[in-house]
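Peer 1: My questions will all concern the structure given below.
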Amino acid sequence: MNPYILATLLFGLGLGTTITFASSHWLLAWMGLEMNTLAIIPIMAHLHHPRAVEATTKYFLTQATAAAMLLFASTTNAWLTGQWDIQQMTHPLPVTMITLALALKIGLAPVHSWLPEVLQGLDLTTGLILSTWQKLAPFALLLQIYPANSTLLIILGVLWTLVGGWGGLNQTQLRKILAYFSIAHLGWMILILQFSPSLTLLALLTYLVMTFSTFLVFKLNKSTNINTLAISWAKMPALTSLTPLILLSLGGLPPLTGFMPKWLILQELTKQELPTTATLAALTALLSLYFYLRLSYAMALTMSPNNLAGVTPWRLPSAQLTLPLAVTTTMTLALLPLTPAITATLTL
């Protein structure tokens, strides 16, 4: 792609998200989401591969449906209450519709089916943008309307963590596994959204860092399925030893960074007298942990002299920058000791 066109599209992507962040009016927020969608579509389709074109078409139709639903819900809210302000969502009908529309935008259960299929058709760089940047604007809107519908958010949060864990169990394609990981983590954030918005932001930041490091590892290895992951030890031995730790951090095991948001969220749910919800969330985390252990096993424990599932790759020098990977990997593995400082900041 022409670098000028790419720069223009990335600028549009940033501008759309910024407009949604800054808006207090539903029409302006809707316009920002539409700019965001229209800017990423050429980036998704730039490979001209049939799977990329199919993924782009699915993404466009899904986002158009969600945007139409959002616009209809905000118009209904204005009709029922006379308010276009995002903060003035009082009627339960438009609030429920908008919550489901934003869930469709982000790709959360029960309207999640498009996300694994779309991610599977994209390259890892575009998949990274889709899994991180594209979630920020809808999530900011969810954050602003959170007090109005507590029971719905708890039910959806538990459902999302369950689907995220259950859906990834049978997968061999890494991009689909990352899509289910995204669904599960966003479910944790939604669970705690109404009780502690600052804790939700902490979980979101942790999710972004961990997703960044995981996508960069797979991009550096040129891995798209479990079999190619199993033969990457010959190419990058040091990264092979670090990757299981990154995956276990995604699963939320101590003493890694991924344990911090789950620990604090379970603690907060218990404080809010929701022990059943906390127990269900912790049990669904075990489902996710299983497929992270599966990936860790494939990467670190299927080395020679065991039988390999593919041909050992050439050890060619990579042109990819490794500094972003080094920074995000360090953050993914080593931030847990900062938990007391972070909790003190959250309570200010």
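Residue 35 in full-length UniProt numbering sits at position 35 of the sequence shown, and the numbers go up by one each step.
Don't be surprised by glycine CBs; every beta carbon is placed ideally from N, CA and C.
Count Cβ pairs between the region 118–125 and the region 43–53 that sit closer than 8 Å; are there 3 or more?
Peer 2: Result yes; three or more Cβ-Cβ pairs closer than 8 Å.
Peer 1: If the criterion is Cβ atoms closer than 8 Å, does the pair Leu216 and Leu333 meet it?
Peer 2: Taking the C-beta atoms as reference points, Leu333 is found no nearer than 8 Å to Leu216.
Peer 1: Check each candidate in Ser288, Thr345, Thr211 and name the one with the smallest Cα separation from Val327.
Peer 2: Thr211
Peer 1: Thinking just about the alpha-carbon of each residue, which of Phe291, Leu301, Thr214 is nearest to the one in Ala234?
Peer 2: Leu301
Peer 1: Nearest by alpha-carbon distance to Lys135: which of His185, Ala341, Leu316 is it?
Peer 2: His185
Peer 1: Under DSSP, the alpha helix (DSSP H) around Leu220 begins and ends at which residues?
Peer 2: 197–221
Peer 1: What are the start and end residues of each continuous alpha helix (DSSP H) run of 4 or more residues lying completely inside the region 43–105, in chain order?
Peer 2: For secondary structure counted as the alpha helix (DSSP H) over 4 or more consecutive residues, the region 43–105 holds these complete runs in sequence order: 50–81.
Peer 1: Taking just the CA atoms, how far does Thr151 sit from Met331?
Peer 2: 34 Å
Peer 1: Nearest CA to the CA of Glu268: which residue from Gly251, Asn225, Leu346?
Peer 2: Considering only alpha carbons, the answer is Leu346.
Peer 1: Which value, in whole angstroms, describes the spacing of the CA atoms of Phe72 and Thr99?
Peer 2: 13 Å
Peer 1: Using only alpha-carbon positions, find the residue among Ile40, Trp263, Trp114, Glu34 that is nearest to Ala7.
Peer 2: Ile40
Peer 1: Near Ile246, which residues of its chain fall below 8 Å by C-beta distance, leaving aside the five closest residues on each side in sequence?
Peer 2: Met210, Ser213, Thr214, Val217, Thr329, Thr332, Leu333
Peer 1: I need the straight-line Cα distance from Thr90 to Met97, nearest angstrom please.
Peer 2: 13 Å
Peer 1: Touch check for the region 155–169 and the region 275–284: three-plus C-beta pairs under 8 Å?
Peer 2: yes
Peer 1: Go ahead and label His49 buried or exposed: buried means 16 or more other beta carbons lie within 10 angstroms of its beta carbon, across all protein chains shown.
Peer 2: exposed
Peer 1: May I ask you to verify whether the region 175–185 touches the region 139–148, counting CB pairs closer than 8 Å and requiring at least 3?
Peer 2: no
Peer 1: So Thr339 and Met260 are supposed to be a Cβ contact under 8 Å. How far apart are they, rounded?
Peer 2: Yes, they are in contact, since the Cβ atoms of Thr339 and Met260 sit about 5 Å apart, within 8 Å.
Peer 1: Would you say Leu27 touches the ligand SAM, meaning its beta carbon is less than 7 Å from a heavy atom?
Peer 2: Absence of the ligand SAM from the depicted structure is noted, as is the absence of any ligand whatsoever, leaving it without description.
Peer 1: Under 8 Å between the Cβ atoms of Gly258 and Thr322?
Peer 2: For the pair Gly258 and Thr322, the CB atoms are not nearer than the 8 Å cut-off.
Peer 1: What are the boundary residues of the alpha helix (DSSP H) that includes Ser241?
Peer 2: Where Ser241 is concerned, the enclosing alpha helix (DSSP H) stretches over 237–251.
Peer 1: Per DSSP, which residues does Gln173 bridge with? Please list them.
Peer 2: Asn225
Peer 1: For Ala55, which residues from the same chain have a beta carbon less than 6 Å from its beta carbon, with the 5 sequence-adjacent residues on both sides left out?
Peer 2: Val118, Gly121, Leu122
Peer 1: Please report the straight-line C-alpha distance between Ala341 and Leu199, rounded to a whole angstrom.
Peer 2: Straight-line Cα distance between these residues: approximately 13 Å.
Peer 1: Beta-carbon separation of Leu169 and Tyr292 under 8 Å?
Peer 2: no
Peer 1: For Leu204, which residues of its own chain have a beta-carbon under 7 Å away from its beta-carbon, when the five flanking residues on both sides are left out?
Peer 2: Hits under 7 Å: Phe139, Met189.
Peer 1: Starting from Pro110, follow the alpha helix (DSSP H) in both directions and report where the run begins and ends.
Peer 2: No alpha helix (DSSP H) contains Pro110, which DSSP labels as neither H nor E.
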